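Only one structure is covered here, and it is reproduced in the block below.
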Amino acid sequence: MALPVGETLLALALLLAPGWWFTAALVTSTAVFACFWWMVSAAVARKEQASCNCFGKSVSKMSVHTIRRNQALTAGSGLALVTSVTGSGALPWSHGWLSALAVVALAAIVWFGVRATTSDTYESAGNKVDVVRHAGELGLRTLEGSLFPLARTARSGAILLVFVQASHAESQLAMESALAWRSTDPAARPVHFVVNENEIARNVPPTLEPRDVLLDSARTNTRLIGLEQYPAAILIGHDAKFAIEPVVGAEKIRALLADLDQVWPRSAPTRA
Numbered sequence: 000m001a002l003p004v005g006e007t008l009l010a011l012a013l014l015l016a017p018g019w020w021f022t023a024a025l026v027t028s029t030a031v032f033a034c035f036w037w038m039v040s041a042a043v044a045r046k047e048q049a050s051c052n053c054f055g056k057s058v059s060k061m062s063v064h065t066i067r068r069n070q071a072l073t074a075g076s077g078l079a080l081v082t083s084v085t086g087s088g089a090l091p092w093s094h095g096w097l098s099a100l101a102v103v104a105l106a107a108i109v110w111f112g113v114r115a116t117t118s119d120t121y122e123s124a125g126n127k128v129d130v131v132r133h134a135g136e137l138g139l140r141t142l143e144g145s146l147f148p149l150a151r152t153a154r155s156g157a158i159l160l161v162f163v164q165a166s167h168a169e170s171q172l173a174m175e176s177a178l179a180w181r182s183t184d185p186a187a188r189p190v191h192f193v194v195n196e197n198e199i200a201r202n203v204p205p206t207l208e209p210r211d212v213l214l215d216s217a218r219t220n221t222r223l224i225g226l227e228q229y230p231a232a233i234l235i236g237h238d239a240k241f242a243i244e245p246v247v248g249a250e251k252i253r254a255l256l257a258d259l260d261q262v263w264p265r266s267a268p269t270r271a
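Under numbering that gives the first Met the number 0, think of the first position of the sequence shown as 0, with each following residue one higher.
Structure (structure tokens):
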């Protein structure tokens with residue numbers, strides 16, 4: 000949303016004759032681009048996930064191309080704005096303080112952009128793909144109310160999180176599939192079922208033990224997937240980063256479990 004809106008405003012500014020509307024469109028487009036850049040930079044600093052729509056609807060991950068495009072648009076619209084303000088015949092570098100400010104701003108944009116596109120990329124099917132953020136704690140809590148130490152727990156092995164609704168029929172199917180998958184090797188296959196806090200009023204589903212249930216106290220489902228959808232599954236790797244994209248739907252979760260069954264490490268056999 001942010002980039003298309005900013006690009007539209009920038010194009011509108013270029014179509015308008017120089018004057019008040021021209022400057023206003025440039026100011027707005029520059030602000031939109033700068034806001035987009037700031038939000039991505041803030042997500043990187045907090046080690047959170049960033050999507051192509053920082054305002055909350057997109058399921059797409061932030062691509063390197065998108066960040067580079069934002070850098071170029073921010074610099075271009077900013078340069079046009081400064082030129083407009085200082086006079087159509089004057090170039091920004093003819094003003095020493097503007098030149099210094101432009102260099103500092105451009106350096107900051109490039110630095111944050113490089114940091115965003117190199118710190119959290121991962122590989123999938125042999126190809127480097129879009130930026131995915133560190134899972135962090137994700138705001139998940141235990142039934143006792145304490146913050147679930149997701150990052151620390153993941154260091155001992157990958158964790159499968161399944162977002163469910165207790166009264167949702169498809170969620171029940173996803174829970175059954177996940178429990179069956181875990182039952183083949185409980186020690187090596189940690190699974191946690193994430194429910195909305197409002198679901199607890201209806202009690203924990205009888206098929207689950209309290210230690211298996213986590214509360215979604217920060218609308219993690221919405222932040223991960225873009226919209227609140229159930230059931231959904233996400234695999235957290237040992238480095239506490241998202242090992243796969245969120246999978247939505249009981250059938251897709253069942254297919255994911257079948258794939259994981261082929262590659263998941265087995266626990267060491269116990270000696271008699």
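Every residue, glycine too, gets a C-beta built ideally from N, C-alpha and C.
Here the structure is a predicted model, which is why all the values come from computation and not from measurement.
Roughly how far, in whole angstroms, is the beta-carbon of residue i from the beta-carbon of residue j, given that I think they are within contact range, below 8 Å?
i	j	result
residue 189	residue 236	Incorrect: roughly 12 Å between the Cβ atoms, too far for contact.
residue 142	residue 259	Incorrect: roughly 26 Å between the Cβ atoms, too far for contact.
residue 192	residue 174	6 Å
residue 234	residue 159	6 Å
residue 29	residue 83	Residue 29 to residue 83, Cβ: 10 Å. No contact.
residue 72	residue 25	The Cβ separation is near 12 Å, so there is no contact.
Start and end of the alpha helix (DSSP H) containing residue i?
i	result
residue 255	249–262
residue 151	149–153
Can you tell me where the beta strand (DSSP E) with residue i in it begins and where it stops?
i	result
residue 178	First-last for residue 178: 168–182, but that is the alpha helix (DSSP H), not the beta strand (DSSP E).
residue 231	231–235
residue 159	158–162
residue 214	212–215
residue 192	190–195
Below 7 Å CB to CB, which residues in the same chain sit around residue i once its five sequence neighbours on both sides are set aside?
i	result
residue 255	232, 246
residue 212	142, 192, 194, 203
residue 152	158
Which same chain residues end up closer than 6 Å to residue i when comparing Cβ atoms and leaving out the 5 residues on each side of it in sequence?
i	result
residue 22	83
Please work out which residues of its chain come closer than 8 Å, Cβ to Cβ, to residue i, disregarding the five sequence neighbours upstream and downstream, and give them in chain order.
i	result
residue 187	156, 263, 264, 265, 266
Inset, instruction - Please confirm if the segment 169–189 is in contact with the segment 247–256, defined as three or more CB-CB distances below 8 Å between the two stretches. - result: yes
Inset, instruction - Evaluate contact between the segment 178–187 and the segment 141–155, counting only Cβ atoms and requiring at least three cross-stretch pairs below 8 Å. - result: no
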